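Engineer:
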Amino acid sequence: MNFQGAWTLGHIRFMLEGFAVTLQVAVIAIILSFILGTLIGVLRYTRLPIVSPILAVIVETLRNLPLLLIIMFVYLALPELGIRLGVFYSAVVGLTVFEMAMISEIVRGGLMSVDKGQTEAARASGMTYTQTLWHIVLPQALVKMIPPTVSQFISLLKDTSLAVAIALPELMHNSQIIYNGNPSYINPILLLAALFYFVTNFLLSQVALLLERRLRY
Amino acid sequence: MQFRLKHVGLLTLLFALLFTLGACASNKETGTSTLDQIKQRDKLIAGVKYDTRLFGYKDPNTGQVEGFDVDIAKALAKKILGDENKIELKEVTSSTRIPMLKNGDIDIIIATMTITDERKQEIDFSDVYYHAGQSLLVHKDSPIKGIDDLAGKKVIGVKGSTSVKNIREKAPQADVLEYPDYAQAFAALRSNKGDALTTDNVILMGMHQEDPNYVLVGGLFTDEPYGIGIRKGDETFVNYVNDFLKELKDSGEYRELYMKWFNEEPPANQ
Amino acid sequence: MLSLLLNYYPDFLRGLLTTLEASLLALIGSFAIGVVIAVFRIVPFVPLNILGRMYTEFLRNIPLLIVAFFFFHGMNAFGLNLSGFVAGTLGLTFYTSAFIAEAMRAGIQSVPKGQMEAGRSTGLTYLQTMRYIILPQAIKIVIPPLGNQFLNLVKNSSILSLFAGLDLMYWGDHVASSSFKTLPAYTLVALFYLLITIPLSYFVRWLEIRLNRLPKEAAEVKTALMEG
């Protein structure tokens, strides 16, 4: 193991460049999957005919597939159907659709966990269905959704590393380029890459903890 | 509720099957020549390797991609657009390059690609621009001296490369392990995950340069003529690229590039 | 696509078996390690608590790929040369063990504290109270998340393909890149995965309903809100 040779300024800069790509992909995918996931979750909760069952099938398919396969599929197979995305957007789309399915389940679970009696009481007091959903159900569901949602976002950040398979120049890919050049760099570089992910995720989970406490009290 | 729990699984499989049917329908080719698209865009998008020394290699310290293939791509950009910098390089691997070309992610493949009949059904090729041959790379203390010593050994190759196919035919007793790209394949050899690595001699030479503890053995057991990959049916562009290669050779620029990267005269037949 | 399946079904089958093998081995291994770490986290001894916490926090916050590549390449530095399959399975094992440990800790700690105190006051030792009072209740809470982890293992084992682990994804890549029929090849791979994962995810839900006597909806909620 050669820590001195591995942790040079040039290498660290190269890894940071990769990490910037990792963060870009992760942030875009987090925003998109949160919006889409919430939408799908609410739509499934409301049990619209036709729409909800279709969404159920899509969600079940996506969440039961390996994310690696989804990313490869988006990048290499979708173009045969005329849908062409580059490396970057293939990673974004792959991560988004997978996480969207996960988030939608969390949202739906959160909504269903709110006591039925409350919705009935709200409706009885003259609120409309949408009002009840918006003012009574959602705020309570939100608090319950925070921990699993954050752990899903942490997963997402970690999962961006799967885009090495399509040669997206993110942190994992750049780390590999460095250590593939010299076997004695492997462990130092893997450790450094692990620290990048760890610190970011740890901060993310601490922020979430704060948020959760604030909402709860 | 009842309905959903019971049937979602079934529906999901059905959905997947439907999707599959869609998957069987193929896409249409675009009508215009790639050449026009390049001129319109004022930029050539070339798919090159990033992990193959001498041909296409991204230096992690400088971030520059360089090699024989890269220089040829630049020369082509210069011919089409008058400026060798009007080029965008995209990383390809042996398994992604053909889909990427077909999908329109790249205009052209210049990435150590052997011309084969199978690939000709998928894409078109230019004339040969480099003659390589498949060989073996082993540790200098290895007992393996050639292709006959591979029985029962683990041979590392790269997914989607012709070498993997060849070695399965020529050494059927060997255990073939496929890696996503050359860098990872070589890293695996250096970590002793296999007894030999097989691919084209020139790629192996780059690896030998990187780590002289690994040497080429067994001579060349195939002929691997490299060609430039072009979308199928685009005759205009194929002819254009062939003219370009001929000019490159006639002007002596080809010889210069060859000397620059391989440190030897190009063989007479090139 | 049918012709692709007919031409390559031995490859797909081999891959499917390897995927199941890796997932099962990793499940057993990660369960064993997970139990130990969970014990570390709950015993009344602070240094072990801290050690257990560090283990789970670190592994849960880094990508599985890093753990796997550490076993694949990094172990050579310690004189261990592991194949793609072994390294991948070990990577899955250690990575997943952190999630299992966390699920178990949560399960055990969800049993009201008063029960431990009650057990102790009736003259049972700490271990006896654990064995006879706390664990039987905790197990029921812990089993469904375990099923969920197995589901994750099957999906996560696809990373073996990145270092020649010979799993389903590896052979899928092989078929895609040697037949040039990318879309049908990956669609087949997807169908093979769904063949395992869909029944499995229904099994997890069923377990939740059976073990914890939850009504169907509540079970769905619980599996949905399950972390990891």
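Chains as they are written, first to last, in my numbering: chain X, 233 to 449; chain B, 822 to 1091; chain S, 544 to 771.
Just so it is clear, CB atoms sit at the ideal spot from N, CA and C, and this is done for glycine as well.
Treat the numbers as computed from the prediction; the structure is a model and nothing was measured.
1. When you compare the CB of S720(S) with every CB in chain B, is at least one pair closer than 8 Å?
2. Measuring only between beta-carbons, confirm whether Y429(X) sits less than 8 Å from chain S.
3. Answer yes or no: do I944(B) and G1050(B) have a C-beta to C-beta separation smaller than 8 Å?
4. What does L300(X) reach in chain B if we use C-beta pairs closer than 8 Å?
5. Suppose you measure from the CA of L1066(B) to the CA of I386(X); what does that come to, to the nearest Å?
6. Please state if the CB of F637(S) and the CB of L625(S) are separated by a distance shorter than 8 Å.
7. Which of the three DSSP states, helix, strand or coil, is assigned to E943(B)?
8. Start and end of the beta strand (DSSP E) containing R1052(B)?
9. Give me the chain B residues within the contact set of R316(X), using Cβ-Cβ distance strictly less than 7 Å, ordered along the chain.
10. Taking the beta carbon of G349(X) as the centre, do at least 16 other beta carbons fall within 10 Å, making it buried, or is it exposed?
11. Could you please give the first and the last residue of the uninterrupted beta strand (DSSP E) stretch that includes K1081(B)?
12. Helix or strand or just coil, what does DSSP make of V346(X)?
13. Tell whether a beta-carbon distance below 8 Å holds between L711(S) and V732(S).
14. Determine the contact status of T1020(B) and V979(B), defining contact as a CB-CB distance below 8 Å.
15. What separation, rounded to the nearest whole angstrom, lies between the Cα atoms of T855(B) and S700(S)?
16. Let me see if you follow: with CB-CB separation under 8 Å, is Q955(B) close to chain X or not?
17. Using the rule of at least 16 other Cβ atoms within 10 Å of the residue's Cβ for burial, across every protein chain shown, is G250(X) buried or exposed?
18. Report all residues from its chain with a CB closer than 6 Å to the CB of W1082(B); omit the five preceding and five following residues, and keep chain order.
19. What residues of chain B sit near F246(X), judged by a beta carbon separation below 8 Å?
20. Output, in chain order, the set of chain B residues within a Cβ distance shorter than 7 Å of L308(X).
21. Can you tell me the Cα-Cα spacing of G269(X) and S704(S), whole angstroms?
22. Give the residues of chain S in contact with E943(B), contact being defined as C-beta atoms less than 7 Å apart.
23. Could you list the residues in the stretch 336-369 of chain X with a C-beta less than 7 Å from some C-beta on chain B, going in chain order?
24. Going by beta carbon distance, what residues of the same chain come within less than 8 Å of R489(S), once the five residues before and after it are set aside?
25. Kindly indicate which three-state DSSP category I605(S) falls into: helix, strand or coil?
26. Taking DSSP as the reference, what is the three-state secondary structure of K656(S)?
27. Helix, strand or coil for L1016(B)? Go by DSSP, reduced to three states.
28. Mapping the DSSP letters down to three states, classify L317(X) as helix, strand or coil.
29. May I ask you to verify whether the stretch 708-725 of chain S touches the stretch 274-285 of chain X, counting CB pairs closer than 8 Å and requiring at least 3?
30. For chain S, check one thing: does any of its Cβ atoms lie closer than 8 Å to the Cβ of A252(X)?
31. Count Cβ pairs between the stretch 1033-1046 of chain B and the stretch 881-897 of chain B that sit closer than 8 Å; are there 3 or more?
Structural biologist: According to the structure data:
1. If you number the third sequence from 1, residue 720(S) lands on position 177. With 8 Å as the cut-off, S720(S) counts as an interface residue toward chain B.
2. As a first step, residue 429(X) is located in the first sequence; it is residue number 197 there, counting from the start. Yes, Y429(X) lies at the interface with chain S (some Cβ there is under 8 Å from its Cβ).
3. Reading the second sequence from its first residue, position 123 is the one you call residue 944(B). Reading the second sequence from its first residue, position 229 is the one you call residue 1050(B). Yes, the pair counts as a contact, with Cβ atoms nearer than the cut-off.
4. As a working mapping, residue 300(X) is identified with position 68 in the first sequence. Chain B residues near L300(X): none, gap ~11 Å exceeds 8 Å.
5. Translated into the one-based positions of the second sequence, residue 1066(B) becomes position 245. Translated into the one-based positions of the first sequence, residue 386(X) becomes position 154. So the two alpha carbons sit approximately 51 Å from each other.
6. Numbered from its first residue, the third sequence carries residue 625(S) at position 82. Numbered from its first residue, the third sequence carries residue 637(S) at position 94. No.
7. The residue given as residue 943(B) occupies position 122 in the second sequence. Correct three-state label for E943(B): coil.
8. Residue numbering aside, residue 1052(B) sits at position 231 when the second sequence is read from its first letter. Looking at the DSSP string, the run of the beta strand (DSSP E) that includes R1052(B) is 1045-1052.
9. Taking the first sequence and counting its residues from 1, one reaches residue 316(X) at position 84. Neighbours of R316(X) on chain B, chain order: N924, G925, D926.
10. In the first sequence, residue 349(X) corresponds to position 117, counting from 1. That one is exposed.
11. Stepping through the second sequence from its first residue, residue 1081(B) is reached at position 260. K1081(B) -> not in any beta strand (DSSP E); alpha helix (DSSP H) instead, spanning 1074-1083.
12. Along the first sequence, read from residue 1 onward, the residue named residue 346(X) stands at position 114. In the structure shown, V346(X) falls within a coil segment according to DSSP collapsed to helix, strand and coil.
13. Walking along the third sequence from the start, residue 711(S) turns up at place 168. Walking along the third sequence from the start, residue 732(S) turns up at place 189. The Cβ atoms of L711(S) and V732(S) sit closer than 8 Å to each other.
14. Numbered from its first residue, the second sequence carries residue 1020(B) at position 199. Numbered from its first residue, the second sequence carries residue 979(B) at position 158. In contact: T1020(B) and V979(B) (Cβ atoms closer than 8 Å).
15. Residue 855(B) sits at position 34 when you count from the first residue of the second sequence. Residue 700(S) sits at position 157 when you count from the first residue of the third sequence. Distance between the alpha carbons of T855(B) and S700(S): 40 Å.
16. Your numbering for residue 955(B) matches position 134 in the second sequence. Residue-level contact by beta carbon fails for Q955(B) and chain X, as no gap is shorter than 8 Å.
17. One-based indexing of the first sequence puts residue 250(X) at position 18. Buried, since its Cβ has 16 or more Cβ neighbours within 10 Å.
18. Numbered from 1 along the second sequence, position 261 holds the residue referred to as residue 1082(B). So the qualifying residues of the chain are L875, F889.
19. Along the first sequence, read from residue 1 onward, the residue named residue 246(X) stands at position 14. What F246(X) touches in chain B: P881, N882, G884.
20. Translated into the one-based positions of the first sequence, residue 308(X) becomes position 76. Under the 7 Å cutoff, chain B gives T917, P920.
21. Sequence index remark: in the first sequence, residue 269(X) carries index 37 (1-based). Sequence index remark: in the third sequence, residue 704(S) carries index 161 (1-based). Going by the C-alpha atoms only, they are around 29 Å apart.
22. On the second sequence, position 122 is the one that residue 943(B) refers to. Within chain S, the residues near E943(B) are F723.
23. Under the 7 Å Cβ criterion, the stretch 336-369 of chain X contributes no residue.
24. Examination of residue 489(S) is not possible in this model, given that chain S is present from 544 through 771 alone.
25. Indexing the third sequence from 1 puts residue 605(S) at position 62. It is coil, neither helix nor strand.
26. Mapped onto the third sequence, residue 656(S) falls at position 113. The three-state reading of DSSP puts K656(S) in helix, counting H, G and I together.
27. Position 195 of the second sequence holds residue 1016(B). It should be noted that the sequence gives Asp, not Leu, for residue 1016(B). It is coil, neither helix nor strand.
28. By one-based count along the first sequence, residue 317(X) stands at place 85. DSSP places L317(X) in coil when its eight states are reduced to three.
29. By the Cβ rule, the stretch 708-725 of chain S does not count as touching the stretch 274-285 of chain X, because fewer than three pairs are nearer than 8 Å.
30. Translated into the one-based positions of the first sequence, residue 252(X) becomes position 20. For A252(X), the answer is no, since every Cβ of chain S falls outside 8 Å of its Cβ.
31. Counting Cβ pairs under 8 Å, fewer than three are found: no touch.
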